[in-house]
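Chemist: First the structure, then my questions, so here it is.
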Amino acid sequence: MSENTRNNTTSSHAASQGVGTEQTTSSADESRNDANRGGEARQKGASILIENVTKRYGGGKKPAVDQLTLEIPAGQIIMFVGPSGCGKTTTLKMINRLIEPTEGRLILGDEDVTKINGDKLRRKIGYVIQAGGLLPHMTVASNIGLVPKMLGWDKKRIAERVDELLDLVSLDADTYRNRYPRELSGGQQQRVGVARALAADPPVLLMDEPFGAVDPITRQRLQDELINIQSELHKTIVCVTHDFDEAVKLGDWIAVFDEGARIVQYDTPERILANPANEFVENFIGSGAGLKQLGLARVGDVDLISGVLGHPGQSARELVGHIDKTGYNSAVIVDDRERPIQWLSKEQLSRMTTVPSHLDKELPLVGTRSTLNDALDTMLVASTGEAVVEGARGRYRGIITVETVMNAITELRRYTPGDYTPVGNNTGEIPVTVQRTNSEASGDAEGTAGAESQDVDAPVEGDTTSSADPTGRAAGREPWNESGDRS
Ligand code: ADP
Ligand code: MG
């Protein structure tokens, strides 16, 4: 399968995630929208190959992970779903060798990392757990600066990186850098957890049910935020979830597992929804596969109604006149920065003399990055059947209606993905494509000089001056093991 095929296949979904939409580029504004942020080259994702990996705990007969081969394409989001105890966390933790595989190989980029020093490996792989996993006695800044400090960065560089990351996860650095985790909401802690995982700019991010502990609204925001971050950073993200809707929303690929980390289906959300492999997957998807497809499309992808705009202080009568001319029956009031603050019907306006200037906190508002599913929720909660759409910097973009969403469902059904799928099986078969991609370094770790394996070694800042760590390569197993790290 050519690289081209891959790109074609995923581009459609990438588009549906808002990648490349106006909102993406502009919300990732000036300071953010730069791969060279802070003057340092940023590290994109690396591919991962889990190759015929088995994990047996404590000599147990039934493996927790049974001969799993899984190809994880670089720079994409892969979601692991499946029933509790099926081996998702074990698989995830084997990628950074917090849990050591019993058998098989792990390849990161083009390097066999099965036996390399585990600590060194983990500096290249960010890890995010529920509630952020922050150290309670450390400030936000110290939590985020943990790995850079270990890597020997100087204070100034760490401080700059901390601020940059807080900005990335939409927390105001001046407000939050000196706070302690207990002074933050669950959602804020989770943001800091993501910032910490990204601190040393690793090519890979592992997330274990990261948004499981926050309320639905916060979860939706954090998911949107992750999509924003990913459209900027292009990391390889492997994320465990028990929520199929979350998998559909975030995933470029979804791996549906059954017991023993057996792959039941590994494909794009579109194809899994359209063609569940069997009843097991159907049950997992749950009811309303059609509705779930709404989780694939973004508000920014559908045609919005332009509506009528009004401004505070304007004559209400004049605005009503304007509404009449356009055939609408309401007007969205925007502030001097074009941000919607109210939505008034003709009837409401006809009882006013001037257009008021205060913010309506109940205004049904969705962003262009919101999924159609989220938009539908907002409309139903507000019982308006319509919602105001804001784009970059909260600017008014238009109005979305239930009809628009319904039309989109029909459109979505017409989606035809390409034919590329990454390999996933439990049969011991090694994918030929991956073999080829990794052929230069398909031997062992010792054969790969650090300086050559760009993808893998470059991100470990402060570590890059030496081309290979002589102690690291052959170190093999380490004090980390599964018994020390049960969740
Ligand atoms: P999931 O994350 O999908 O819920 P896990 O990977 O945590 O599943 O667990 C997979 C299986 O391995 C389960 O049967 C679990 O009980 C078992 N398991 C996980 N960790 C250990 C351990 N440290 N020792 C023994 N068994 C374990
Ligand atoms: Mg788990």
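Under my numbering, the first residue of the sequence shown is numbered 457, with each subsequent residue one higher. C-beta: ideal position from N, C-alpha, C; glycine also.
Considering only the beta carbon of each residue, do L602 and R633 sit closer than 8 Å?
Modeler: Indexing the sequence shown from 1 puts residue 602 at position 146. Indexing the sequence shown from 1 puts residue 633 at position 177. No, they are not a contact pair.
Chemist: Tell me whether C542 counts as near ligand 1, meaning its Cβ is closer than 7 Å to at least one heavy atom of that ligand.
Modeler: For the purposes of this step, residue 542 is taken as residue 86 along the sequence shown, with counting starting at 1. Checking the Cβ of C542 against ligand 1 gives yes.
Chemist: From S801 to G763, what distance separates their C-alpha atoms?
Modeler: In the sequence shown, residue 801 corresponds to position 345, counting from 1. In the sequence shown, residue 763 corresponds to position 307, counting from 1. Cα-Cα distance, rounded: 12 Å.
Chemist: Whose CA, out of K611, I614, G649 and W609, lies closest to the CA of L627?
Modeler: Within the sequence shown, the letter at position 171 stands for residue 627. Of the listed residues, the one whose Cα sits closest to L627 is G649.
Chemist: Taking DSSP as the reference, what is the three-state secondary structure of E735?
Modeler: Within the sequence shown, residue 735 is the residue found at index 279, counting from 1. Note: E735 maps to helix in three-state DSSP.
Chemist: Report buried or exposed for D780, applying the criterion of at least 16 other Cβ atoms within 10 angstroms of its Cβ.
Modeler: On the sequence shown, position 324 is the one that residue 780 refers to. So D780 ends up on the exposed side.
Chemist: Is there at least one non-hydrogen atom of ligand 2 closer than 7 Å to the beta-carbon of T697?
Modeler: For this step, residue 697 is matched to residue 241 along the sequence shown. No, the Cβ of T697 stays beyond 7 Å of every heavy atom of ligand 2.
Chemist: Which residues does DSSP list as the beta-bridge partners of S786?
Modeler: As a position in the sequence shown, residue 786 is number 330, starting the count at 1. In the DSSP output, where bridge partners are listed per residue, S786 has S801.
Chemist: Taking A587 as the reference, give the member of L562, G565 and A669 with the closest Cα.
Modeler: Taking the first residue of the sequence shown as 1, we reach residue 587 at position 131. Among L562, G565 and A669, the Cα nearest to that of A587 is on A669.
Chemist: For the alpha helix (DSSP H) that A653 lies in, which residues bound it at each end?
Modeler: Here residue 653 refers to the residue found at position 197 when the sequence shown is read from its first residue. Note, A653: alpha helix (DSSP H), G642 to L654.
Chemist: Roughly how many angstroms lie between the CA atoms of E846 and L524, to the nearest whole one?
Modeler: On the sequence shown, position 390 is the one that residue 846 refers to. On the sequence shown, position 68 is the one that residue 524 refers to. Going from the Cα of E846 to the Cα of L524 covers about 44 Å.
Chemist: Express the C-alpha separation of G707 and G501 in angstroms, rounding to a whole number.
Modeler: By 1-based counting over the sequence shown, the position of residue 501 is 45. By 1-based counting over the sequence shown, the position of residue 707 is 251. For G501 and G707, the distance between alpha carbons rounds to 15 Å.
Chemist: Relative to the alpha-carbon of K748, which residue among V720, V776, L729 and S503 has its alpha-carbon at the smallest distance?
Modeler: By 1-based counting over the sequence shown, the position of residue 748 is 292. Out of V720, V776, L729 and S503, L729 has the C-alpha closest to the C-alpha of K748.
Chemist: What span of residues does the alpha helix (DSSP H) with G574 cover, start to end?
Modeler: As a first step, residue 574 must be located in the sequence shown, where it is residue number 118. For G574, the enclosing alpha helix (DSSP H) begins and ends at G574 to R578.
Chemist: Could you give the residue range of the beta strand (DSSP E) that holds D723?
Modeler: Position 267 of the sequence shown, counted from the first residue, corresponds to residue 723. Per DSSP, D723 belongs to the beta strand (DSSP E) from R718 to D723.
Chemist: Does the beta-carbon distance from Q679 to K705 come in below 8 Å?
Modeler: Within the sequence shown, numbered from 1, the residue matching residue 679 stands at position 223. Within the sequence shown, numbered from 1, the residue matching residue 705 stands at position 249. Their beta carbons are under 8 Å apart, which means Q679 touches K705 by this criterion.
Chemist: Among L805, T857, V788 and A753, which has the Cα closest to the Cα of L828?
Modeler: Numbered from its first residue, the sequence shown carries residue 828 at position 372. Cα-wise, what sits closest to L828 is A753.
Chemist: With distances taken Cα to Cα, identify the nearest neighbour of G756 among I555, D816, Q798 and A831.
Modeler: Taking the sequence shown and counting its residues from 1, one reaches residue 756 at position 300. Ranking the options by Cα distance to G756, first place goes to A831.
Chemist: Return the chain-ordered list of same chain residues with a C-beta closer than 6 Å to the C-beta of A530, the five sequence neighbours on each side being excluded.
Modeler: As a working mapping, residue 530 is identified with position 74 in the sequence shown. Correct list, in chain order: G501, A502, S503 and T692.
Chemist: For M663, list the residues DSSP reports as bridge partners.
Modeler: In the sequence shown, counting from the first residue as 1, residue 663 sits at position 207. Answer is V584 and C695, bridged to M663.
Chemist: Start and end of the beta strand (DSSP E) containing L815?
Modeler: What you label residue 815 is simply residue 359 of the sequence shown in a count that begins at 1. Neither: L815 is in no beta strand (DSSP E) and is coded neither H nor E.
Chemist: Among residues of its own chain, excluding the 5 on either side of L526, which ones have a beta-carbon nearer than 6 Å to its beta-carbon?
Modeler: The residue given as residue 526 occupies position 70 in the sequence shown. So the list reads I506 and G880, once near-sequence residues are dropped.
Chemist: Determine, using beta carbons only, whether F740 and V694 come nearer to each other than 8 Å.
Modeler: For the purposes of this step, residue 740 is taken as residue 284 along the sequence shown, with counting starting at 1. For the purposes of this step, residue 694 is taken as residue 238 along the sequence shown, with counting starting at 1. Not closer than 8 Å, so no.
Chemist: Could you work out which residue in E794, Y583, R677 and A787 is closest to G823 when comparing CA atoms only?
Modeler: Residue mapping note: residue 823 aligns to position 367 of the sequence shown, counting from 1. That would be R677, whose Cα lies nearest to the Cα of G823.
Chemist: Give, in chain order, every unbroken run of the alpha helix (DSSP H) that is at least 4 residues long and sits entirely within the segment 665-692.
Modeler: 672-689
Chemist: What does the Cβ neighbour count give for S743, buried or exposed, with the cut at 16 atoms within 10 Å?
Modeler: Sequence index remark: in the sequence shown, residue 743 carries index 287 (1-based). Exposed, by the Cβ-count rule.
Chemist: With distances taken between CB atoms, is the gap from Q499 to P659 smaller than 8 Å?
Modeler: Counted from its first residue, the sequence shown places residue 499 at position 43. Counted from its first residue, the sequence shown places residue 659 at position 203. For Q499 and P659, yes; Cβs fall inside 8 Å.
Chemist: Once the 5 residues before and after T510 are set aside, which same chain residues still bring their CB inside 8 Å of it?
Modeler: Counting from 1 along the sequence shown, the entry for residue 510 is found at position 54. Around T510: P519, V521, D522, Q523, L524, P557, T558, E559 and G560.
Chemist: What would DSSP say about Y636, mapped onto helix, strand or coil?
Modeler: Start at 1 with the first residue of the sequence shown, and residue 636 comes out as number 180. Here Y636 sits in coil by DSSP.
Chemist: Going by the beta-carbon positions, is the gap between V569 and L577 smaller than 8 Å?
Modeler: As a working mapping, residue 569 is identified with position 113 in the sequence shown. As a working mapping, residue 577 is identified with position 121 in the sequence shown. In this structure, L577 lies closer than 8 Å to V569 by Cβ.
Chemist: My parser needs the beta strand (DSSP E) runs of 3 or more residues fully inside the segment 817-843; what are they?
Modeler: Taking 3 residues as the minimum length, the beta strand (DSSP E) runs contained wholly in the segment 817-843 are 821-823, in order along the chain.
Chemist: If you follow the beta strand (DSSP E) that K511 is part of, which residue opens it and which one closes it?
Modeler: Translated into positions along the sequence shown, residue 511 becomes position 55. Segment I504 to K511, the beta strand (DSSP E) holding K511.
Chemist: Going along the chain, which unbroken runs of the alpha helix (DSSP H) with 4 or more residues stay wholly within the segment 592-629?
Modeler: Correct list: 596-600, 602-606 and 611-624.
Chemist: One question on the structure: do D701 and G751 come within less than 8 Å of each other, judged by their Cβ atoms?
Modeler: One-based indexing of the sequence shown puts residue 701 at position 245. One-based indexing of the sequence shown puts residue 751 at position 295. Cβ distance < 8 Å, so D701 and G751 count as in contact.
Chemist: Got a sec, what are the start and stop residues for the beta strand (DSSP E) I534 sits in?
Modeler: Numbered from 1 along the sequence shown, position 78 holds the residue referred to as residue 534. Note, I534: beta strand (DSSP E), I533 to V537.
Chemist: Taking only the alpha-carbon atoms, compute the straight-line gap between I581 and F736 and give it to the nearest angstrom.
Modeler: As a first step, residue 581 must be located in the sequence shown, where it is residue number 125. As a first step, residue 736 must be located in the sequence shown, where it is residue number 280. F736 has its alpha-carbon roughly 32 Å from the corresponding atom of I581.
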